[in-house]
Amino acid sequence: METKQLLKAVVFVTVIAMSCASKKKKDPRDFTDADIYKLDEEWMEEGEIEEGDLPEHLRPSPSVDFAKVDPSDPEAILKMTKKGKTLMMFVTISGNPTQAETEEISTLWQSMLYNANIEITRFVISENRVLIKLADGSYAYEIKDFLVQQDRCETVTIEGKDYPGKASKGAKDNKSKAQSKKTKKSNKKTEL
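Just so we're aligned: the sequence shown equals residues -21 to -1, 1 to 171 in mature numbering (1 follows the signal peptide of the UniProt record, and there is no 0).
Structure representation (structure tokens):
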């Protein structure tokens, strides 16, 4: 009988030790990639994640009423479909800037947009090209309108479409044509 009681005591102590060990929490600094993955899977299974905390590809898309959208206005369509979605745009800087100049110019633009309560993330990808990441794509055309007015902006590319900036060759040609038309009109007025 003593061996049975001893065996019961050993089993009881083992069960208690195992339950205590499973309740013992691991220090987060000691987590391995497998621990983090397991924890993430447990959170996803429980379904207690708020919609805003979900990764973008798992969030439900906002409903768009295409009856209210003018099909001839691609800006309105983009604003409605990219609301709350990430959007990338490219900006080309005019002239032959160095990497440092491109960094300085794009930092200035980023701070100006930040002062207007528009947050962007910028990545200098070459000596004259910057990638701008928007967390909310509905601001794309507002940012484009700002950028094309800047002295060193040559082009802005959104969704594969190029928009000439103030420093683009096409904008300079249009400016000179507009100025020549104005001078012709003023010359005609003075002749009368």
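In this text, a Cβ means the ideal position worked out from N, Cα and C, and glycines have one as well.
Proximity below 8 Å, CB of residue i to CB of residue j
| i | j | result |
| --- | --- | --- |
| glycine 116 | leucine 66 | yes |
| threonine 81 | glutamate 106 | yes |
| aspartate 14 | lysine 5 | yes |
| methionine 68 | isoleucine 137 | yes |
Rounded C-alpha distance that separates residue i from residue j
| i | j | result |
| --- | --- | --- |
| valine 103 | alanine 114 | 18 Å |
| residue 206 | glutamate 35 | The structure shown does not extend to residue 206, since the chain spans only -21 to 171, so no value can be given for it. |
| methionine 23 | aspartate 32 | 11 Å |
| proline 76 | lysine 123 | 21 Å |
| threonine 134 | glutamine 128 | 10 Å |
| leucine 18 | proline 143 | 48 Å |
| isoleucine 111 | serine 73 | 17 Å |
| leucine 126 | threonine 86 | 13 Å |
Secondary structure of residue i, DSSP reduced to three states
| i | result |
| --- | --- |
| arginine 8 | helix |
| leucine 113 | strand |
| threonine 77 | coil |
| lysine 47 | coil |
| aspartate 141 | strand |
| glutamate 106 | coil |
Assigned exposure category for residue i - 16 Cβ within 10 Å defines buried
| i | result |
| --- | --- |
| glycine 92 | Reading off the sequence, residue 92 comes out as leucine, not glycine. Label assigned to leucine 92: buried. |
| valine -12 | exposed |
| tyrosine 16 | exposed |
| alanine 46 | exposed |
| lysine 61 | buried |
| arginine 8 | exposed |
| alanine 119 | buried |
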